[in-house]
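Protein chains: 2
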Amino acid sequence: MAQRNQLKFIILGLLSENDLTGYDITKAFESDIGEFWSANHSQIYPLLKRLEDEQLISHKLEVVGEKLEKKLYSITQSGKEVLRQWLSEPTPELSATKDEFILKLYFIHTADDPLLMPMLTEQHQLHEAKLHHLQEQMAKKFPDHTSQNNLGHFLILQHAIQRETRYTAWLVDLIEKIKTD
Amino acid sequence: MAQRNQLKFIILGLLSENDLTGYDITKAFESDIGEFWSANHSQIYPLLKRLEDEQLISHKLEVVGEKLEKKLYSITQSGKEVLRQWLSEPTPELSATKDEFILKLYFIHTADDPLLMPMLTEQHQLHEAKLHHLQEQMAKKFPDHTSQNNLGHFLILQHAIQRETRYTAWLVDLIEKIKTD
DNA sequence: CAAAAACATGTAAATATTTACATGTATAAA
DNA sequence: TTTATACATGTAAATATTTACATGTTTTTG
Chain A
1 MAQRNQLKFI ILGLLSENDL TGYDITKAFE SDIGEFWSAN HSQIYPLLKR
51 LEDEQLISHK LEVVGEKLEK KLYSITQSGK EVLRQWLSEP TPELSATKDE
101 FILKLYFIHT ADDPLLMPML TEQHQLHEAK LHHLQEQMAK KFPDHTSQNN
151 LGHFLILQHA IQRETRYTAW LVDLIEKIKT D
Chain B
1 MAQRNQLKFI ILGLLSENDL TGYDITKAFE SDIGEFWSAN HSQIYPLLKR
51 LEDEQLISHK LEVVGEKLEK KLYSITQSGK EVLRQWLSEP TPELSATKDE
101 FILKLYFIHT ADDPLLMPML TEQHQLHEAK LHHLQEQMAK KFPDHTSQNN
151 LGHFLILQHA IQRETRYTAW LVDLIEKIKT D
């Protein structure tokens with residue numbers, strides 16, 4: 001397996017909060033969940049079918065306008081149990097954080113390599129932009145600075161903001177140090 | 001593609017430093033590179049063959065003892081160019097950091113969920129252990145606190161240590177806050 | 001009202017990744 | 001000297017992930 005089907009649990013988790021269509025789930029990966037997992041609709045639709053076969057979810061058809069049919073999925077009792085079971089299991093893996101920039105950096109041996117500075121400034125710009133985006137999300141989703149029944153979401157945003165703050169600071173330091181060489 | 005063959009470049013990068021066997025490369029993923037990428041020997045051996053077909057690397061046989069043959073791979077000029085090209089390209093992706101614990105946390109809605117505290121203490125223990133491991137690596141590989149022709153390696157270790165320090169501190173804070181509820 | 005953008009759902013093919021299967025040698029420890 | 005461990009190299013099968021192919025509807029914008 002290339003990662004023990006965590007997508008399955010994400011889908012169950014999302015459906016445990018709201019009934020959703022495949023399209024809605026796809027969208028979720030472009031916002032909230034996109035911060036810490038990725039998936040395409042071509043992976044999601046077949047999986048929804050499989051989860052329904054396993055009776056972890058079910059769907060009913062809704063018709064929009066004249067003929068557009070959408071499938072609104074709900075989690076079943078069995079699905080809720082599988083989700084809860086997953087949440088209660090240990091998570092001992094600490095999977096390697098695959099970061100292509102860090103990978104490249106590993107192969108830069110000296111501070112005077114002409115590739116280094118462009119790499120650092122590019123990453124600085126990217127991570128600063130991401131940090132701003134996350135801060136906007138936080139302000140938008142938790143305007144009164146409290147988590148209100150959404151502790152998990154609040155925490156992962158806080159975590160991501162801290163991560164990007166730290167990442168950006170590291171890059172700034174590094175750029176400064178290398179400049180004054 | 002499930003990630004535009006970054007393994008290819010890791011192998012080229014490793015071979016640009018030293019001639020290595022497939023076994024050596026496999027081992028590298030259990031130490032240094034394991035901090036930020038993973039790969040199994042069953043992925044490495046076929047890829048070495050492919051890279052040799054593409055004339056990015058070549059090998060010579062070495063015999064150990066009576067009959068154990070090992071293939072010592074070297075990077076070719078063409079391989080060096082491909083590696084350098086990769087290093088010089090932009091890295092604009094900022095791929096989602098797939099962290100199963102964060103994923104689970106997203107689906108914990110309230111601070112009084114009985115699953116929360118065990119999750120947090122488990123992760124605290126794991127990240128603290130990882131931090132210690134990284135600090136040991138740093139002390140071992142850069143005892144005189146300087147990077148000496150290995151800037152990249154030094155920086156990725158520094159980066160990982162900062163990341164784990166921050167992660168651990170976040171968990172400690174969180175545990176403290178939830179305890180005193 | 002025409003056009004563009006967003007909604008909506010799939011399949012196919014290529015590639016990447018993990019786990020399991022398979023085999024044998026050399027070296028260090030007991 | 002036997003035994004365990006590390007060295008060494010592969011293949012097969014299952015699964016995951018990405019990119020491309022494919023089609024059609026509804027809503028918003030100009």
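Protein chains in written order, with UniProt numbering: chain A, 1 to 181; chain B, 1 to 181. Quick reminder that beta carbons are idealized off the backbone N, C-alpha and C, glycines included. It should be emphasised that the depicted structure is a prediction, and the values quoted were computed from it without experimental measurement.
If we call anything under 8 Å between Cβ atoms a contact, is residue i one with residue j?
i	j	result
ILE44(B)	GLY22(B)	yes
MET138(A)	LEU151(A)	no
LYS130(A)	GLU176(A)	no
HIS159(A)	ILE102(B)	yes
GLU62(A)	LYS70(A)	yes
LEU87(A)	LEU87(B)	no
ILE11(B)	LEU68(B)	no
ARG84(A)	GLN162(B)	no
THR97(B)	THR121(A)	no
GLU52(B)	HIS59(B)	yes
Residue i: buried (16+ other C-beta within 10 angstroms of its C-beta) or exposed?
i	result
LYS179(B)	exposed
ASP99(B)	buried
GLN123(B)	buried
residue 189(B)	For residue 189(B) there is no data in the structure shown, the boundaries of chain B being 1 and 181.
GLU35(B)	buried
TYR127(A)	Contrary to the premise, residue 127(A) reads as His rather than Tyr in this sequence. So HIS127(A) ends up on the buried side.
ARG4(A)	exposed
THR91(A)	buried
LEU171(A)	buried
Note down the Cα distance separating residue i from residue j, rounded to an integer number of angstroms.
i	j	result
LEU7(A)	ALA111(B)	25 Å
LEU94(B)	GLN125(A)	11 Å
MET119(A)	ASP113(A)	11 Å
GLU17(A)	TYR73(A)	11 Å
THR76(B)	SER38(B)	24 Å
ILE33(B)	GLU136(A)	34 Å
VAL82(B)	GLY65(B)	35 Å
THR26(A)	LEU105(B)	20 Å
LEU14(B)	PHE154(B)	16 Å
GLU30(B)	PHE9(B)	17 Å
GLN55(A)	LYS80(A)	11 Å
LEU174(B)	ASP181(B)	11 Å
SER78(B)	MET117(A)	25 Å
HIS133(A)	LEU20(B)	43 Å
PRO24(B)	LYS141(B)	Sequence check: residue 24(B) is Asp here, not Pro. Using only the alpha carbons, I get a separation of about 18 Å.
ASN149(B)	HIS145(A)	46 Å
SER147(A)	GLU89(A)	25 Å
ALA28(A)	PRO143(A)	20 Å
Can you check DSSP and say which residues form a bridge with residue i?
i	result
HIS59(B)	TYR73(B)
LEU20(A)	TYR73(A)
VAL64(A)	LEU68(A)
Any residues in the UniProt domain "Transcription regulator PadR N-terminal" (11 to 84) of chain B with a beta carbon nearer than 9 Å to a beta carbon of chain A? Which ones, in chain order?
-> LEU12, GLY13, LEU14, SER16, GLU17, PHE29, ASP32, ILE33, GLY34, GLU35, PHE36, TRP37, SER38, LEU83 and ARG84
What are the residues of the stretch 139 to 152 of chain A that lie near chain B, defined by any Cβ-Cβ distance shorter than 9 Å?
-> SER147, ASN149, ASN150, LEU151 and GLY152
For the stretch 86 to 99 of chain A, enumerate the residues whose C-beta is nearer than 7 Å to any C-beta of chain B, in chain order.
-> LEU87, SER88, PRO90, THR91, PRO92, GLU93, LEU94, SER95, ALA96, THR97, LYS98 and ASP99
Going along the stretch 104 to 118 of chain B in order, which residues come within less than 7 Å of chain A, judged by CB to CB distance?
-> LYS104, LEU105, TYR106, PHE107, ILE108, HIS109, THR110, ALA111 and LEU115
Within 9 Å of chain A by C-beta, residues of the stretch 152 to 172 of chain B in sequence order | GLY152, HIS153, LEU155, ILE156, GLN158, HIS159, ALA160, GLN162, ARG163, THR165, ARG166, TYR167, ALA169 and TRP170
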